[in-house]
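Participant: Residues 0 to 224 in numbering that gives the first Met the number 0 are what the sequence shown lists, from first letter to last.
Pasting in a structure now, in structure tokens, and then I'll have a few things to ask.
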Amino acid sequence: MRVISYNLRKHAASGELLALAKNHDIDALCLQEVDAADLPETLGPLHLADVTKGNRLGLAIYYRTSRFTALDTQSFALKKSMHDRVLAPAHERLIGTRVMDNATQHELVIGSFHAAPLTASNSLRRKQIHAAHAELLSMGRGLMTLMVGDFNYPFFTKNLHMHMKNSGYALSLSNRRTYTRYKVFKGHFDFATSLGLDIESVETLPRGNSDHLPILVTAEYGPDY
Numbered sequence: 000m001r002v003i004s005y006n007l008r009k010h011a012a013s014g015e016l017l018a019l020a021k022n023h024d025i026d027a028l029c030l031q032e033v034d035a036a037d038l039p040e041t042l043g044p045l046h047l048a049d050v051t052k053g054n055r056l057g058l059a060i061y062y063r064t065s066r067f068t069a070l071d072t073q074s075f076a077l078k079k080s081m082h083d084r085v086l087a088p089a090h091e092r093l094i095g096t097r098v099m100d101n102a103t104q105h106e107l108v109i110g111s112f113h114a115a116p117l118t119a120s121n122s123l124r125r126k127q128i129h130a131a132h133a134e135l136l137s138m139g140r141g142l143m144t145l146m147v148g149d150f151n152y153p154f155f156t157k158n159l160h161m162h163m164k165n166s167g168y169a170l171s172l173s174n175r176r177t178y179t180r181y182k183v184f185k186g187h188f189d190f191a192t193s194l195g196l197d198i199e200s201v202e203t204l205p206r207g208n209s210d211h212l213p214i215l216v217t218a219e220y221g222p223d224y
């Protein structure tokens, strides 16, 4: 299974989506900072599962219809940061789609996640991550889960690794940094957390019109699922 996650920087990189969908043979595309009113229903072999509608810039998930059947899609609001309360940039910070593999009948939940910005604390972002995992589990307890997105967590990721491990999740960083706008913030902003999947690789793709670089996650179903 191949999944790309990409923060479009206020929809600025939307013109790259069709090429990403076609050139990387992906099964799902998870997006952040999209203009909900300016997304096509299809991108080559991918179909739009849904997009958050609580604000203009939101989250979206596309999936390959030849590989998956979408069973359910839900959006979730998570604990708000002060940035959210003052500027109200986002109502929903998570969208999840439950899919079934048409060939193997495996079911899993794929999530697109956007954590609170760097003005918030890592503690708040960890709470948002744990809450997001709980919401995705509510869509299908016991199912494999892949949550990708912009975690806004470039520092102290070893500590986050420990928190994820203690809660039963794996955290997978990409092979190169994923953010380019400010030299002081050179860490990994965009990565993946997973449950029940074997993550083979997370690759940072070339830079486009966003300050974030897209990441490509390659995963296999775990042997226990």
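Ideal Cβ placement from N, Cα and C applies to all residues, glycine included.
Between the beta-carbon of D210 and the beta-carbon of S4, is there less than 8 angstroms?
Facilitator: Not closer than 8 angstroms, so no.
Participant: Can you name the residues that DSSP bridges to T103?
Facilitator: T103 is not bridged to any residue.
Participant: Check V85 in the structure and name its three-state DSSP category.
Facilitator: Because the pLDDT of V85 is 44, which lies under 50, any placement of that residue in the model is unreliable, and the number read from its coordinates should be weighed accordingly. Helix, per DSSP.
Participant: What number of angstroms, rounded off, separates the C-alpha of M0 from the C-alpha of D223?
Facilitator: Going from the Cα of M0 to the Cα of D223 covers about 17 angstroms.
Participant: Can you tell which of L170, P39, T177, L16 has its C-alpha closest to the C-alpha of T156?
Facilitator: Answer by Cα proximity: L170.
Participant: Are there 16 or more other CB atoms within 10 angstroms of the CB of Q127, so buried, or fewer, so exposed?
Facilitator: The residue is buried, with at least 16 neighbouring Cβ atoms inside 10 Å.
Participant: Within the same chain, show all residues whose beta-carbon is closer than 6 angstroms to that of E15, passing over the 5 residues directly before and after it, in chain order.
Facilitator: Correct list, in chain order: G207.
Participant: Give me the Cα-Cα distance between T118 and G110, rounded to the nearest whole angstrom.
Facilitator: Rounded to whole angstroms, T118 to G110 spans 24 angstroms at the Cα level.
Participant: Assign N6 to one of three DSSP states: helix, strand, or coil.
Facilitator: Residue state, collapsed to three classes: strand.
Participant: What's the C-alpha gap between A131 and L93?
Facilitator: Cα to Cα, A131 sits roughly 7 angstroms from L93.
Participant: If we call anything under 8 angstroms between Cβ atoms a contact, is V216 one with V2?
Facilitator: Yes.
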